[in-house]
Amino acid sequence: MAKLELLSFYLIRDHFVVETETASSVSENQIMEPKVENASSLSAEELEKKKKKEEKAREKELKKLKAAQKAEAAKLQAQQATSTVSKTAKKKTAKREVTEENPEDYVDPETPLGEKKRLSSQMAKQFNPTAVESSWYSWWEKSDFFVADSSSTKPPFVIVLPPPNVTGALHIGHALTAAIQDTIIRWRRMSGYNVLWVPGMDHAGIATQVVVEKKIMRERKLTRHDVGRENFVAEVWKWKDEYGGTILGQLRRLGASLDWSRECFTMDEQRSKAVTEAFVRLYEEGLIYRDLRLVNWDCVLRTAISDIEVDYVDIKERTLLKVPGYDEEVEFGVLTSFAYPLEGGLGEIVVATTRVETMLGDSAIAVHPDDSRYKHLHGKFAVHPFNGRKLPIVCDPILVDPSFGTGAVKITPAHDPNDFEVGKRHKLEFINILDDDGKINSNGGKEFQGMPRFKARKAVTAALQKQGLYRESKNNEMRLGVCSRTNDVVEPLIKPQWYVNCKSMATDGLNAVTDDANQRIEIIPKQYVAEWRRWLENIRDWCISRQLWWGHRVPAWYVVLAEDEQKELGSYQDHWLVARNEEEAHTQAAKLFSGKKFEIFQDPDVLDTWFSSGLFPLSVLGWPDETADLKAFYSTSVLETGHDILFFWVARMVMLGMKLGGDVPFRKVYLHPMIRDAHGRKMSKSLGNVIDPLEVINGISLEGLNKRLEEGNLDPTELKVAKEGQSKDFPNGIPECGTDALRFALVSYTAQSDKINLDIQRVVGYRQWCNKLWNAIRFAMSKLGDGYIPPKQISPKAMPFVCQWILSVLNKAISRTVSSLDSYEFSDAASAVYSWWQFQLCDVFIELIKPYFTNNDPKYVSERGHAQDTLWTCLDYGLRLLHPFMPFVTEELWQRLPSASGSVRKESIMIAEYPSVVESWTNENVELHMDAIESAVKSLRSLRALIPAKERLQRRAGFAQCKSNVIEEVIRSHEFEISILAALSSLEVLRETDAAPSGCAVSVVNETLSVYLMTQGTIDVEAEHEKLLKKVADIQKQRDSLQKMMDVSSYKENVPQHIHETNVTKLATLMQELLSFEEAKQHLERQISADTAANDI
């Protein structure tokens, strides 16, 4: 019953004063003042006078004692003055030798690369991330701690690192990925799994080709066409070997424990073999085919690009934009209307377009079949004004909205996705008017041939005006597709390409996630399952060919027969062959065209980068070969990446993995949020808010940030805006935070839905927290001593209260951390570890055990061993618990802890065992007692915060008025803990019938406990009275609202029994709280009256 009452106390405790102080810090030499016994016969005022009198007497006695000791010391010194070397002199010399510090003792010796870090003999007085994070990684790597064993009997746990682009440098998104994945990997490794984390790089077809093309143009003033394909590809490989892969080295700086022995590149021999094999197998199953369709075309790169490489610009009205290859800005956001003359002198029909140059490729005009304005034109023709081509007027209810514009739509099947579908429905002519570089070809007419498309736009408009067919131009809101690599305006263009038929594979991939009866992949967070469904239910065939030179060459050959009339590559669809190599293609051709003379030519196109990336979980393990790694590690355990590539990469891996690997490529998909700046804005160079993780790790001045902007390609206006943004967000630059602080901050942020608003000050806060960890170990090392040997195991039952408590809450922290990691709630896991270290170990436990080391009272001395053992156990467990999040500082601090007796400690913390719950440590009753203690302390600290700052540090008397026997017993048995944590000079426990002490501020903890702090004349009593009235009004409002709800006639019928019981308990609690607050109010009113009376005298 007592336990239940105490639990109720914990659950319903409340405060009327808002806490403004953080946990107080009690120095080592601050111990509890002797307790003043309760004298029930004395008033509170008389009791206080008695206390002060006793304190003065003690101080007087203490001064006398010190004076006597000083005199005795002087006498002894005089007696021994003639000694050559007295004992006192020896002691002084020894003390001086101890206290004199050698700065070199605090500096780590230089460690040869790859060797275990050599630590300084003395711990530095402050945490220095640069010093701490040096040397450990090279030793971990050289010691093969990261390497997985395909023959191990341990359960496997596998993650494939999303392969960064070979051109890439570390950005904050990579840092988030590395922080999350390494946290998972280190946790699983310490938990006994055979962990494999595979690193790799993506050849990044378009991105890499653009970089090298620019390099050649900058250095030699040549295009890739000037250099030629073979020489250009050689240049790319040369660039890759010299500059590529910088990011993999940077990942080491982040502490990423990747298995570098398995590092791969999407264009190395094994991965290329996998790509070819996948293409051939899919082609042989009829899933890969060649077709003429519309693609997103980049006229600068002269290639098709994927949807993910298209950025969209929203244009509200007439707008001029820069377009690569044009000296003058190009106009967008304009709707141009013009008329087509009708055949047979029937008049004209007016159409409108935002791309007037495409009218050169028009092959029809569409109207709605029910539009009465055009019924007389069904089956008629318009005449093209520049070439006389007859354009049929077709009826199409799918495309045409008769209420929009004129109700007549020009149809250009070869240059618009919607028109392409109309063209297929009505079997229209597909007329391509553009060359690969975006210039008008011969189909556009001699008048316009050779013109760049946007210059042709002006020329066509002028020609329409000349013929009297131009009608008007007006503002038009639109979305403009722009290539993310070149900033070129994307052009829909009809081109023969290779496609993957995704329908059946998409169905399998959809079912793998959504089939509850046989779910094979879990997507986390679950909100993205709907997006998965939307993509895969509406999937279109995948265009996998690109007109680039850097990438995997399409393994297809075209056969040119000597008898063919047309010799151009691709003229005859049935002349294509797919093979693993040229020899195999030649054999196929000889068999297919037996007896005929022929030549074969490989398709010059390369495959979409996403095709090779989609094979990554298979190819990194050696597929298509039956390797030991493939048998041991496929399927992988989890895929962790950003939600923005759920379809472009994740879905394609699932489709290809299930089709070619026979199973899903991973069992879970964790999608992390996208990182934005502290204001929620997308990171952009033009805003100056791009955060380089290395600059956060190393620190950088505002001038350094500005210099980075100046070295970019921003125009003067953008540069000014960006610099202003940096000055506002980082007026003093970014301080050095270190890797551990950055990692912990990023992992802690993962609870923020689909976006992370990254505030650097939060990272700075965790860097300061690292210093708190550092000081906790320094404290421990000073208290454990050089000769301390930790026990093999400990038994909390024989230990002091605080030791029992810290071990019990450590159990809770372990349980919560492990369960959160297991459910991919990384923010919760980080919070569990942080809260235990910060609020329980440092703020409470360490403060409460300091008297065991500073006070020679026998009762403290006898418990000192327990305090040492518990402290060491907590630090050992706590560092191992924290290690996956903060690998560097935990390794360094763990290495400094003494080893337990009779046991061989693991060489590194990263291969030590991850903590698990020790059932014998759990003590719910002790935790409930500490909850009550902390509630009282919190209220006392809140009262202290009301005192003027200059008087706030003074120790003051405290009082606890208890209204139940249970809470009185708890408070009386823990006066020591409350006095230490609340920095009290004394604590007196009062019963409900005792008079409230005068000269005090009061805080109602809950209905069973109120605390008082002596503040005589230091706080505004009337202001506190006003606060209390507001609190009472708030509780009355809650009570009345709840009572009103419960008084409704249908309440009992509609409300479940367990909710009714909860409401009854809540109402009783509110009623009791009102009584407690009423008492507090009366106390303050009496004090106000007393102050008023005193002023009147």
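Residues 1 to 1097 (my numbering) are what the sequence shown spells out, left to right. Think of the CB as a built atom: it goes at the ideal place given N, C-alpha and C, for glycine as much as any other residue. A quick note: this is a predicted structure, and the numbers were derived from the prediction, not measured.
Q.
Please report the distance separating the alpha-carbon of F888 from that of V166.
A. Walking along the sequence shown from the start, residue 888 turns up at place 888. Walking along the sequence shown from the start, residue 166 turns up at place 166. Cα to Cα, the separation comes out at about 27 Å.
Quiz item: Per DSSP, P525 is paired with what?
Solution: Stepping through the sequence shown from its first residue, residue 525 is reached at position 525. Note: P525 sits in no beta bridge, so no partner.
Rounded to whole angstroms, what is the Cα-Cα separation between E263 and G200?
Walking along the sequence shown from the start, residue 263 turns up at place 263. Walking along the sequence shown from the start, residue 200 turns up at place 200. Taking the straight line from one Cα to the other gives about 5 Å.
Report the three-state DSSP secondary structure of H672 (helix, strand or coil). Reading the sequence shown from its first residue, position 672 is the one you call residue 672. H672 carries a strand assignment under DSSP once its states are collapsed to helix, strand and coil.
*asked:* Please report the straight-line C-alpha distance between F454 and V330, rounded to a whole angstrom.
replied: Taking the first residue of the sequence shown as position 1, residue 454 is located at position 454. Taking the first residue of the sequence shown as position 1, residue 330 is located at position 330. C-alpha separation (whole angstroms): 7 Å.
Where does R546 fall in DSSP's three states? As a working mapping, residue 546 is identified with position 546 in the sequence shown. Assignment of R546 by DSSP, reduced to helix, strand and coil, places it in the strand class.
- Message: Could you check whether the region 951-960 touches the region 976-994, counting it as contact only if at least three pairs of C-beta atoms, one from each stretch, sit closer than 8 Å?
- Response: Verdict: yes, contact present.
Next on the checklist: Can you list, in chain order, the residues of its chain with a C-beta nearer than 6 Å to that of A678? Leave out the 5 residues immediately preceding and following it.
Outcome noted: Translated into the one-based positions of the sequence shown, residue 678 becomes position 678. Apart from sequence neighbours up to five positions away, the residues of its chain that approach A678 with a beta-carbon distance below 6 Å are N757 and D759, ordered along the chain.
Exercise. Starting from N194 and walking both ways along the beta strand (DSSP E), at which residues does that stretch end?
Worked result: Sequence index remark: in the sequence shown, residue 194 carries index 194 (1-based). Element bounds for N194: N194 to V198.
> Which class does A414 belong to by DSSP, given the choice of helix, strand or coil?
Replying inline: As a first step, residue 414 must be located in the sequence shown, where it is residue number 414. If DSSP states are grouped into helix, strand and coil, A414 belongs with coil.
Distance check for T406 and L464, CA to CA, integer angstroms please. Translated into positions along the sequence shown, residue 464 becomes position 464. Translated into positions along the sequence shown, residue 406 becomes position 406. Approximately 18 Å between the Cα atoms of the pair.
*asked:* Distance check for L656 and F616, CA to CA, integer angstroms please.
replied: Working through the sequence shown from its first residue, we reach residue 616 at position 616. Working through the sequence shown from its first residue, we reach residue 656 at position 656. One alpha carbon belongs to F616, the other to L656, and they sit about 10 Å apart.
- For the candidate residues V295, E847, A382 and L687, whose alpha-carbon lies nearest to that of Q547? One-based indexing of the sequence shown puts residue 547 at position 547. The candidate whose alpha carbon is nearest that of Q547 is V295.
| message | Looking at F976: is its Cβ nearer than 7 Å to the Cβ of T183? | response | As a first step, residue 976 must be located in the sequence shown, where it is residue number 976. As a first step, residue 183 must be located in the sequence shown, where it is residue number 183. Taking 7 Å as the cut-off, the Cβ atoms of F976 and T183 do not count as close.
- If you drop the 5 nearest sequence neighbours on each side, which residues of the same chain put their C-beta closer than 6 Å to that of Q181? Working through the sequence shown from its first residue, we reach residue 181 at position 181. Counting only residues of its own chain and dropping the five nearest sequence neighbours on each side, Q181 has a CB closer than 6 Å to the CB of I159 and E640.
Quick check on the DSSP output: the beta strand (DSSP E) that includes I315 runs from which residue to which?
Your numbering for residue 315 matches position 315 in the sequence shown. Looking at the DSSP string, the run of the beta strand (DSSP E) that includes I315 is V310 to I315.
Residues in its own chain within less than 8 Å of D828 by CB, not counting five upstream and five downstream? Here residue 828 is taken as the residue at index 828 of the sequence shown, counted from 1. In the same chain as D828, and ignoring 5 residues on each side of it, the C-beta atoms closer than 8 Å to its own belong to A751, R816 and S820, in chain order.
Within 8 Å, do at least three Cβ pairs link the region 551-563 to the region 584-594?
The region 584-594, when compared against the region 551-563, does touch it at the 8 Å Cβ threshold.
If I follow the unbroken beta strand (DSSP E) through W837, where does it start and stop? The residue given as residue 837 occupies position 837 in the sequence shown. The continuous stretches of beta strand (DSSP E) do not include W837, and DSSP gives it neither H nor E.
One or two residues paired with L321 in a DSSP bridge: Here residue 321 refers to the residue found at position 321 of the sequence shown. In DSSP, L321 forms a bridge with V330.
| request: Just grab the DSSP bridge partners of C1000 for me. | output: Taking the first residue of the sequence shown as position 1, residue 1000 is located at position 1000. As a beta-bridge residue in DSSP terms, C1000 pairs with M1014.
- Query: How big is the Cα-Cα spacing for L554 and N443?
  - Reply: Sequence index remark: in the sequence shown, residue 554 carries index 554 (1-based). Sequence index remark: in the sequence shown, residue 443 carries index 443 (1-based). For the record, residue 554 in the displayed sequence is Val; it is not Leu. Approximately 29 Å, taken between the alpha carbons.
Delimiting residues of the alpha helix (DSSP H) encompassing Y852: To locate residue 852, count along the sequence shown from 1; it is residue 852. Note, Y852: alpha helix (DSSP H), I846 to T854.
Exercise. From N38 to N102, what does the alpha carbon distance come to, in whole angstroms?
Worked result: Here residue 38 is taken as the residue at index 38 of the sequence shown, counted from 1. Here residue 102 is taken as the residue at index 102 of the sequence shown, counted from 1. Annotation note: pLDDT 39 at N38 (below 50); position unreliable, coordinate value reported separately. Cα to Cα, N38 sits roughly 52 Å from N102.
* Asked: Can you tell which of Q122, L113 and T111 has its C-alpha closest to the C-alpha of D786?
  -> For the purposes of this step, residue 786 is taken as the residue at position 786 of the sequence shown. Minimum Cα-Cα distance from D786 among the listed residues Q122, L113 and T111 corresponds to Q122.
Check your understanding: Sorted by chain position, which residues of the same chain lie with C-beta nearer than 7 Å to N476's C-beta, five sequence neighbours on each side aside?
Key -> Walking along the sequence shown from the start, residue 476 turns up at place 476. The residues are G333, V334, L335 and T354.
Exercise. Based on the DSSP secondary-structure assignment, which residues constitute the bridge partners of A366?
Worked result: Counting from 1 along the sequence shown, the entry for residue 366 is found at position 366. A366 pairs with V394 and V409.
DSSP beta-bridge partners of C483: Looking up residue 483 in the sequence shown gives position 483. C483 is bridged to V310.
Worksheet entry | Local Cβ density within 10 Å of G244, reported as buried at 16 or more and exposed below that | Here residue 244 refers to the residue found at position 244 when the sequence shown is read from its first residue. It is buried - the Cβ of G244 has at least 16 other Cβ atoms within 10 Å.
query = Based on the DSSP secondary-structure assignment, which residues constitute the bridge partners of A382?
reply = In the sequence shown, the residue the question calls residue 382 occupies position 382. Beta-bridge analysis with DSSP links A382 to L342 and L391.
Query - Residue range of the unbroken alpha helix (DSSP H) whose run includes A628 - result: Residue 628 sits at position 628 when you count from the first residue of the sequence shown. A628 to F633 is the extent of the alpha helix (DSSP H) around A628.
CA nearest to the CA of K439, picked from F801, M478 and E357: As a first step, residue 439 is located in the sequence shown; it is residue number 439 there, counting from the start. Out of F801, M478 and E357, E357 has the C-alpha closest to the C-alpha of K439.
Checklist line | V606 - DSSP class collapsed to helix/strand/coil | finding: The sequence position of residue 606 within the sequence shown is 606, counting from 1. Looking at V606 - three-state DSSP - the assignment turns out to be strand.
In chain order, each alpha helix (DSSP H) run of at least 4 residues that lies wholly inside the region 952-986:
DSSP runs (the alpha helix (DSSP H)) wholly in the region 952-986: 965-973 and 975-981.
Helix, strand or coil: how does DSSP classify C299 here? By 1-based counting over the sequence shown, the position of residue 299 is 299. If DSSP states are grouped into helix, strand and coil, C299 belongs with coil.
Practice item. Under 8 Å by Cβ, that's how I've got A585 and W557 pegged, so tell me the actual separation to the nearest angstrom. Key: Taking the sequence shown and counting its residues from 1, the one referred to as residue 585 is at position 585. Taking the sequence shown and counting its residues from 1, the one referred to as residue 557 is at position 557. At roughly 4 Å, the Cβ-Cβ gap stays under 8 Å, so A585 and W557 are in contact.
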